[in-house]
Amino acid sequence: MKRRKFLQNTCPTVTFAFFGLSYIQACSKSDDDSSSYSSNNSNVIPGNSSGTNAGSSSTETSNGIVSSGNNITVDLTNSNFSSLSSPGDFINLTSVGVLLLKISSSEFRAFDNCCPHSGSRDDWSYSNQEFTCGSHGNKFGIDGNNVVNCGSSATSGDLKNYSTSLAGDSLTITTS
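Taken in order, the sequence shown gives residues 297 to 472; the numbers are from our numbering.
Here is the structure:
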């Protein structure tokens with residue numbers, strides 16, 4: 297066999313075997329329900345539905361989250377939200393697709409937890425006014441000046457933000 301033919305036949309196979317699986321997984325789009333990956337973040341609150349069905353317009357959960365239409369109400373006294381003690385602390389509410397960030401004692405901001413690059417939802421970190429997706433390391437801002445859509449393949453920009461209102465220990469997030 298000639299050298300060129302050998303390289304043409306062998307190199308792609310070896311390269312794929314060496315890099316292929318991680319490359320395919322790194323660029324795949326995952327949804328929470330079908331993803332085989334779990335976040336190692338302690339600030340992820342997955343869905344914990346009790347007594348809901350697919351046709352219901354209101355979802356009540358035992359984790360301090362009530363979703364009804366475009367409104368999500370969060371009971372901040374629930375123990376699941378004890379990690380929101382200081383400005384800069386955040387929680388990923390995977391069951392409702394929201395990243396919840398504490399700005400101050402009376403202000404919270406909510407963002408779509410879908411990575412604009414790949415659609416990942418379950419592995420985020422936050423620092424310096426940016427969320428970093430754990431799937432690829434892409435950073436997305438929070439100021440809302442350059443919003444990029446979920447799964448658009450964007451590698452920078454700002455996450456879509458939602459309006460919030462705080463009444464006592466109850467936070468309402470409006471996703472429309």
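Note that beta-carbon positions come from the ideal geometry of N, C-alpha and C, so glycine has one too. On a predicted model such as this, the values are computed, not experimentally measured, just so you know.
Between the CA atoms of residue j and residue i - distance to the nearest angstrom
i, j, result
"Thr-428", "Asp-419", "9 Å"
"Asn-424", "Asn-359", "29 Å"
"Asn-367", "Leu-462", "13 Å"
"Lys-398", "Asp-439", "14 Å"
"Asp-371", "Ser-466", "5 Å"
"Val-394", "Thr-468", "12 Å"
"Ser-363", "Leu-389", "11 Å"
"Asn-374", "Ser-416", "26 Å"
"Cys-411", "Gly-464", "31 Å"
"Ile-387", "Asn-441", "23 Å"
"Ala-450", "Thr-369", "30 Å"
Which of helix, strand or coil DSSP assigns to residue i
i, result
"Asn-366", "coil"
"Ser-461", "strand"
"Asn-441", "coil"
"Ser-375", "helix"
"Thr-468", "strand"
"Asp-454", "strand"
Residue span of the beta strand (DSSP E) that contains residue i, given as start and end
i, result
"Cys-429", "426-429"
"Val-394", "394-400"
"Phe-436", "435-437"
"Asn-359", "Segment: none, Asn-359 is in no beta strand (DSSP E) and carries neither H nor E."
"Ala-406", "403-408"
"Ser-421", "420-423"
8 Å Cβ shell around residue i - same chain, five flanking residues per side excluded
i, result
"Ser-421", "Asn-337, Phe-427, Thr-428 and Gly-430"
"Gly-453", "Pro-412, Phe-436, Gly-437, Asn-442, Val-443 and Val-444"
Own chain, CB closer than 6 Å to residue i, minus 5 neighbours either side, in chain order
i, result
"Phe-407", "Leu-395, Leu-455 and Asn-457"
"Thr-471", "Asn-366 and Tyr-458"
"Asn-434", "His-413 and Thr-451"
Should the stretch 430-446 be regarded as contacting the stretch 378-389, the criterion being three or more beta carbon pairs within less than 8 Å?
-> The stretch 430-446, when compared against the stretch 378-389, does not touch it at the 8 Å Cβ threshold.
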